[in-house]
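Using the numbering used here, the first residue of the sequence shown is number 3, and each one after it goes up by one.
A virtual CB, placed ideally from N, CA and C, is assigned to each residue, including glycine.
Since this is a predicted model, take the numbers as computed values, not measurements.
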Amino acid sequence: MTAKPLALITGAAQGIGYACAEALAENGYRVILSDINAEGVAEAARTLGGDAVSLVCDMADTDAISAMFDTIESEYGPVSALVNNAGIAAPGDFLDTTLEQFRKVIDINLVGTFAALQRAARTMVENKIQGSIVNMSSINAVVAIPSIAAYCSSKGGVMQLTKASALALAPHNIRVNAVGPGSIDTAMMAGVNANPEAMKMVMSRTPLKRVGKAQEIANVVAFLTSDKASYVTGETIYVDGGRLGMNYTC
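Structure (structure tokens):
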């Protein structure tokens with residue numbers, strides 16, 4: 003029996019990350035769920051069932067990322083797919099944001115993404131794996147919100163990192179793409195969901211007039227990690243209900 007290809011999903015204890023783990027498992031991958039929340043990610047793996055496993059990793063710690071890959075490669079083998087989903091927003095007033103707060107967002111969302119991408123790619127090249135890497139960007143790589151300046155900066159960086167790494171890895175037949183969610187019904191949107199005025203503003207800039215579901219992001223990730231996307235690399239696919247096409251709100 004041929005062993006299942008291995009996929010690692012970071013930030014997989016809940017929300018989009020967990021939905022991605024579900025979708026990739028349905029596509030025939032053995033999935034490893036990683037998160038800083040040890041209890042949450044262990045429960046997520048148990049809920050997913052099958053041969054899913056969980057690992058704890060702080061994506062702001064590049065040494066921890068390296069150690070995570072060491073563990074995966076020694077116990078399960080090399081990954082064929084990586085979903086760089088872990089990220090934080092850390093909203094706050096622009097003038098009051100400290101350098102420490104800014105750096106924390108960049109360290110997790112951009113530096114952590116780079117570190118995991120590079121490590122996964124090195125192993126894919128060494129093992130001649132024609133793998134797929136998907137980074138989680140955002141519509142805020144393109145449109146900005148002043149209260150999440152660090153987040154916007156990090157996701158703009160992820161967009162460019164996706165393009166640059168796709169070019170670097172194309173000779174090895176390793177594809178790198180990104181998905182840019184709009185307003186998705188996750189814990190990050192909990193405050194908006196509870197505020198009718200905030201939700202009204204979100205709907206005014208969303209042509210489909212609803213928030214997206216985590217599974218709708220996961221479906222695109224599953225496509226990008228499948229052979230159906232075999233000629234797609236260096237792209238960011240925005241899953242935003244039409245948001246980026248608007249030039250006005252009503």
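- Contact check for PHE96 and SER149: beta-carbon distance about 7 Å, within the 8 Å limit, so the pair qualifies.
- Contact annotation: the segment 16-30 does not touch the segment 55-70, with fewer than three C-beta pairs closer than 8 Å.
- The alpha-carbon of CYS59 is positioned some 7 Å away from that of MET70.
- Secondary structure note for LEU35: its beta strand (DSSP E) is the uninterrupted segment 32-37.
- Between the C-alpha atoms of ALA122 and VAL81 there is a straight-line separation of about 7 Å.
- In this structure, DSSP gives ILE176 a state outside helix and strand, which the three-state scheme calls coil.
- Rounded to whole angstroms, the Cβ separation of TYR153 and ASN111 is 7 Å, and the two are in contact under 8 Å.
- As a beta-bridge residue in DSSP terms, ASN137 pairs with ASN86 and ALA180.
- Annotated three-state conformation of ALA92 is coil, per DSSP.
- Residue burial is scored here from C-beta neighbours: TYR233 has fewer than 16 other C-beta atoms within 10 angstroms and is therefore classed as exposed.
- Residue environment: PRO7 is assigned as buried (16 or more neighbouring CB atoms within 10 Å of its CB, all protein chains considered).
- Of the candidates VAL85, VAL145 and ALA168, VAL85 places its Cα closest to the Cα of ALA14.
- Taking C-beta atoms as the reference points, GLY182 and TYR240 count as a pair closer than 8 Å.
- Between the C-alpha atoms of ALA220 and ALA168 there is a straight-line separation of about 21 Å.
- Nearest to GLY214 by C-alpha distance, out of PRO93, ARG245 and GLY236, is ARG245.
- Residue state for GLY236 is assigned as coil, using DSSP reduced to three classes.
- Between the beta-carbon of ALA170 and that of VAL136 there is about 16 Å, and that puts the pair past the 8 Å contact cut.
- Beta-bridge pairing by DSSP links SER56 to LEU35.
- Secondary structure within the segment 95-124: not one fully enclosed beta strand (DSSP E) run of 3 or more consecutive residues is present.
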